[in-house]
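This report concerns only the one structure given below.
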Amino acid sequence: MSAIDGATTPSQEGAYPVTPGEFAADWNSWDERVRTAYAEGWQGALDAFVRELDAKEEVRP
């Protein structure tokens, strides 16, 4: 988990990163394909959320 500085130690396997530094250490340790899939997954979720909001706006009187 967190190093004393909280910036350089990847999180334990199966645990979510707690600090931005842990997330960065995990991110840097991932293969490029994994990073791309992660980013595309978030982008897909955000796009779906925006489409849902847009659909609700169209239904409003």
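Counting from 9, one number per residue, gives the positions in the sequence shown under my numbering. Even glycine gets a Cβ: it sits at the ideal position worked out from N, Cα and C.
Backbone secondary structure at Thr4 - three-state DSSP: The structure shown does not extend to residue 4, since the chain is modelled only from 9 through 69, so no value can be given for it.
Around the Cβ of Glu48, are there at least 16 other Cβ atoms within 10 angstroms (buried) or fewer (exposed)? By the 10 Å Cβ count, Glu48 comes out exposed.
Buried/exposed call for Glu30, threshold 16 Cβ in 10 Å: By the neighbour-count definition (other C-beta atoms within 10 Å, threshold 16), Glu30 is a buried residue.
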